[in-house]
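Asker: The sequence shown begins at 1 in full-length UniProt numbering and counts up by one.
Here a beta-carbon is modelled for each residue, glycine too, at the ideal position from N, C-alpha and C.
Questions regarding the structure given below will be posed in turn.
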Amino acid sequence: MLRRILIYAAGGAASMALSLFLVLGLGWPKLVVAGVGMLPLYLAAFWVGTDRDRADGRR
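Right, dumping it as structure tokens:
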């Protein structure tokens, strides 16, 4: 449980950092940043989901 929370927290921090870099550093439009900036969080959720499936013995 703690591992999942830490993975989600890391994904959220990476999403925030990426979004700030894209908006402030590169000046990308906010609509594009909203989609691209959330990718680390989506990847963290996918990774936790597949990790849980493997622990149950399912594929």
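At which residues does the alpha helix (DSSP H) containing M16 begin and terminate?
Answerer: Taking the sequence shown and counting its residues from 1, one reaches residue 16 at position 16. Here the alpha helix (DSSP H) through M16 covers L2 to L20.
Asker: Just to confirm my understanding: we take M38, look at its own chain, exclude 5 residues before and 5 after, and list those with CB closer than 7 Å. What are they?
Answerer: Mapped onto the sequence shown, residue 38 falls at position 38. The residues are S15.
Asker: Using 10 angstroms around the beta-carbon of P29, count the other beta-carbons present and answer buried if the total reaches 16, otherwise exposed.
Answerer: Within the sequence shown, residue 29 is the residue found at index 29, counting from 1. Around the beta carbon of P29, fewer than 16 other beta carbons sit within 10 angstroms, so the residue counts as exposed.
Asker: Is it right to say A44 is buried, meaning 16 or more other beta carbons lie within 10 angstroms of its own, or is it exposed?
Answerer: The residue you call residue 44 lines up with position 44 of the sequence shown. The residue in question, A44, is buried, as its Cβ has 16 or more Cβ neighbours within 10 Å.
Asker: With V33 and L22 assumed to form a contact (beta carbons below 8 Å), what rounded beta-carbon distance in angstroms separates them?
Answerer: Residue numbering aside, residue 33 sits at position 33 when the sequence shown is read from its first letter. Residue numbering aside, residue 22 sits at position 22 when the sequence shown is read from its first letter. Yes, they are in contact, since the Cβ atoms of V33 and L22 sit about 5 Å apart, within 8 Å.
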